[in-house]
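All remarks here apply to the structure that follows.
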Amino acid sequence: MFMIPRRWAHTYSGEWRDIARWSTGDDAWAPAVLDEWEHAFATFVEMPHAAAINSGRRGMAAILEHFGIGAGDEVVAPAYTLGEMLPVIQATGATVVPADIDPDTMNVTVDSIARRVSPRTKAIIALHVFGVPCDMPGIMALARSRGIRVIEDCAHAIGSRLEGRHAGTFGDAAFFSLEMNKLVNTFGGGIVVSRDADLIARVRQANAALPCSMDALREKIRTTRIERMLFRTGLAFPLLYLLATPRFHALMSRSYRGAQDVRRSVYRYSSVQARLGLAKLATLPERVRTRSQHVEQLRALLRNDIRIQRVPEGAEASWYFCTAMLPRPAAPIRKRLLLHGIDAAVEGEVMDNCAQLLGYTDCQNTNAVYPRAIALPMFDGLTEANVERIAKALNRAI
Ligand SMILES: Cc1ncc(COP(=O)(O)O)c(C=O)c1O
């Protein structure tokens with residue numbers, strides 16, 4: 001392939017055939033398979049319960065509802081996260097208060113959260129951004145002393161650990177994402193874990209109330225195949241070049257994000273997806289190990305002024321993204337990388353500056369990271385030769 005894509009949805013050999021076979025008849029909605037998947041996931045992260053739902057976002061909405069978050073409450077959330085998470089919190093009537101990040105780990109810290117806590121704070125959203133765990137023991141101590149609930153956003157963190165425990169096992173509840181480019185890709189979906197059996201029952205009820213349809217799954221498979229065809233034929237290049245060109249950026253970026261939008265696809269999490277989850281969870285630890293090796297290889301090859309996201313001591317990252325801070329704005333560098341056949345993400349394609357979206361100007365680290373962060377290619381199937389090519393091109397581009 002001429003280009004190295006920034007992402008490549010994980011599929012195993014024979015997956016399309018399996019999906020076609022599993023999608024026919026009542027078997028596609030067999031509750032026993034869903035139970036098996038939820039049980040396997042809970043066992044994997046070492047939690048008593050897990051419940052699958054349509055998306056990570058819906059998982060978070062169910063958690064907020066269960067915790068009774070509403071008008072007059074404040075929810076402290078990372079200043080550097082997916083902008084689409086803000087309306088999910090705001091829909092409860094609560095106010096979102098952004099907490100700044102550490103520029104090296106790109107995660108919220110106990111101090112940055114403590115600065116935003118008020119008597120009205122009812123919940124903290126602790127995100128393990130790009131799969132690098134945040135300081136859960138510290139955040140839990142702060143929250144417990146104030147009677148605040150903690151929700152772990154593990155959208156990027158399947159396979160991440162801290163002090164030997166999986167991300168998602170520290171807070172009052174956690175949600176994971178099973179979208180197309182996540183480490184466990186079930187072509188959409190989310191999964192909630194908690195020790196609270198009533199919350200889990202609520203999530204299961206919410207999923208069961210959704211209509212049964214394979215349309216969303218089919219659409220996501222189609223999107224994946226189109227994306228692959230664009231890279232294999234080289235047609236991705238002119239499209240990405242337009243995305244990297246300021247005049248066309250807004251238009252291209254809208255269609256890019258639109259392809260990932262889950263609002264159109266509010267269907268029940270199916271047994272087909274559960275079966276994919278079971279198959280992909282089995283290979284996850286090995287895939288995380290390979291990603292870590294590639295990140296370490298990159299760290300060793302890159303110039304000193306290109307700083308890959310720092311992993312705190314005692315933590316193991318899943319490396320959903322491999323993000324680095326550049327010594328200068330990332331957008332022009334991305335364009336130069338493209339000319340070397342390397343696709344990378346910058347600015348809002350990496351994460352959003354939610355402090356800015358909410359009208360806050362005091363999250364200085366987020367303001368500094370947002371324009372200089374670059375997400376380099378990271379996917380299962382990346383090779384050592386690819387990593388060398390990425391490092392060489394980025395060093396030269398800087
Ligand atoms: C930080 C973060 N939180 C939550 C989500 C939501 O996950 P989903 O797309 O499954 O709703 C995402 C999606 O990528 C995300 O990046």
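Note that the sequence shown covers residues 1 to 398 in the working numbering. From the three backbone atoms N, C-alpha and C, an ideal C-beta is built for every residue, glycine too.
Beta-ladder partner(s) of residue i, from DSSP
i              : result
arginine 165   : Leu162
isoleucine 374 : Ala324, Val346
asparagine 353 : Tyr80
glycine 190    : Ile53, Ser177
valine 75      : Val96, Ala123
isoleucine 151 : Ile125, Ala173
valine 108     : Ile101
heavy atom of ligand 1 below 6 Å from residue i C-beta
i             : result
leucine 86    : no
alanine 51    : no
aspartate 352 : no
glutamate 179 : yes
aspartate 73  : no
alanine 9     : no
alanine 317   : no
serine 270    : no
arginine 57   : yes
alanine 30    : no
alanine 79    : no
alanine 91    : no
glycine 190   : yes
aspartate 102 : no
aspartate 343 : no
alanine 250   : no
aspartate 153 : yes
Rounded separation between residue i and residue j - CA only
i              : j                 : result
aspartate 352  : glutamate 227     : 23 Å
alanine 385    : arginine 334      : 20 Å
valine 262     : arginine 58       : Note that valine 262 has pLDDT 46, beneath the 50 cutoff, so the model's placement of it is unreliable and the number below is only indicative. In a straight line, the C-alpha of valine 262 is about 10 Å away from that of arginine 58.
threonine 95   : lysine 122        : 10 Å
proline 285    : alanine 317       : 11 Å
aspartate 111  : alanine 99        : 9 Å
isoleucine 148 : phenylalanine 175 : 18 Å
isoleucine 113 : tryptophan 22     : 45 Å
serine 271     : leucine 34        : 6 Å
isoleucine 4   : arginine 225      : 16 Å
isoleucine 125 : leucine 358       : 16 Å
lysine 220     : arginine 275      : 16 Å
isoleucine 398 : alanine 155       : 31 Å
glutamate 65   : isoleucine 191    : 16 Å
threonine 383  : cysteine 363      : 37 Å
alanine 141    : arginine 254      : 40 Å
asparagine 395 : glutamine 309     : 17 Å
alanine 9      : serine 145        : 41 Å
Proximity of residue i and residue j at Cβ, strictly below 7 Å
i              : j                 : result
glutamate 38   : alanine 28        : no
glycine 93     : alanine 71        : yes
arginine 7     : asparagine 181    : yes
leucine 183    : isoleucine 158    : yes
valine 311     : valine 132        : yes
leucine 278    : alanine 30        : no
aspartate 343  : leucine 243       : no
valine 88      : alanine 61        : yes
isoleucine 151 : glycine 171       : yes
cysteine 354   : glycine 83        : yes
leucine 346    : alanine 324       : What sits at residue 346 in the sequence shown is valine, not leucine. No, they are not a contact pair.
tyrosine 320   : phenylalanine 130 : yes
Residue burial classification, residue i (beta-carbon count within 10 angstroms, cutoff 16)
i              : result
cysteine 134   : buried
arginine 268   : buried
methionine 378 : buried
alanine 32     : exposed
tyrosine 12    : exposed
serine 118     : exposed
asparagine 485 : Nothing about residue 485 can be read from this structure; the chain reaches only from 1 to 398.
asparagine 304 : exposed
cysteine 402   : Any property of residue 402 remains undetermined from this structure, which presents the chain solely from 1 to 398.
tryptophan 16  : exposed
leucine 302    : buried
alanine 391    : buried
valine 266     : exposed
glutamate 388  : exposed
aspartate 380  : buried
serine 194     : buried
isoleucine 19  : buried
methionine 229 : exposed
proline 78     : buried
glutamine 293  : exposed
glutamine 205  : exposed
glutamate 74   : buried
Any non-hydrogen atom of ligand 2 closer than 6 Å to residue i Cβ
i          : result
leucine 82 : The model on display carries ligand 1 but not ligand 2.
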